[in-house]
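**Q**
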Amino acid sequence: MKLNIDKLSFEEALEQLETLVRNLESGRIKLDDAVEAYEKAVALKKFCEDKLKAAQLKIEKIEVAPNQELQLTPLDKTDE
Numbered sequence: 003m004k005l006n007i008d009k010l011s012f013e014e015a016l017e018q019l020e021t022l023v024r025n026l027e028s029g030r031i032k033l034d035d036a037v038e039a040y041e042k043a044v045a046l047k048k049f050c051e052d053k054l055k056a057a058q059l060k061i062e063k064i065e066v067a068p069n070q071e072l073q074l075t076p077l078d079k080t081d082e
């Protein structure tokens with residue numbers, strides 16, 4: 003089974019994942035459909051995680067270093 007999720011936005015993938023989870027939790031789908039839905043849900047979960055990691059890497063803040071030069075640091079970096 004080839005899934006074409008790479009062209010989805012994060013929001014579209016998350017919406018599909020939520021729908022699949024609701025359908026699986028309902029217990030009202032046939033076993034073969036449940037297995038296929040589970041496989042797609044796993045792929046969508048990985049896709050969403052990858053998108054979030056990529057976004058996290060892009061979030062940085064500009065700081066002035068001790069030598070007065072500008073530098074980029076992760077936004078969630080804690081001061082020690």
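For the sequence shown, my numbering gives the first residue as 3, with consecutive numbering after it. Just so you know, even glycine gets a beta-carbon here, dropped at the ideal spot from N, CA and C.
In whole angstroms, give me the CA-to-CA distance for residue 77 and residue 54.
**A** Residue 77 and residue 54: Cα-Cα distance of roughly 14 Å.
**Q** Do three or more CB pairs link the segment 19-28 to the segment 36-46 at distances below 8 Å?
**A** Result yes; three or more Cβ-Cβ pairs closer than 8 Å.
**Q** Looking at the unbroken beta strand (DSSP E) that takes in residue 72, where does it start and where does it end?
**A** That run of the beta strand (DSSP E) goes 72-76.
**Q** Taking DSSP's pairing of strands, which residues face residue 65 in a bridge?
**A** Residue 65 is bridged to 73.
**Q** Can you tell me where the alpha helix (DSSP H) holding residue 60 begins and where it ends?
**A** Start and end: 33-60.
**Q** Would you tell me roughly how many angstroms separate the C-alpha atoms of residue 56 and residue 13, rounded to the nearest one?
**A** Roughly 15 Å between the two C-alpha positions.
**Q** Taking all protein chains shown into account, decide if residue 15 is buried (16 or more other Cβ within 10 angstroms of its Cβ) or exposed.
**A** Looking at its Cβ environment, which holds 16 or more other Cβ atoms inside 10 Å, residue 15 is buried.
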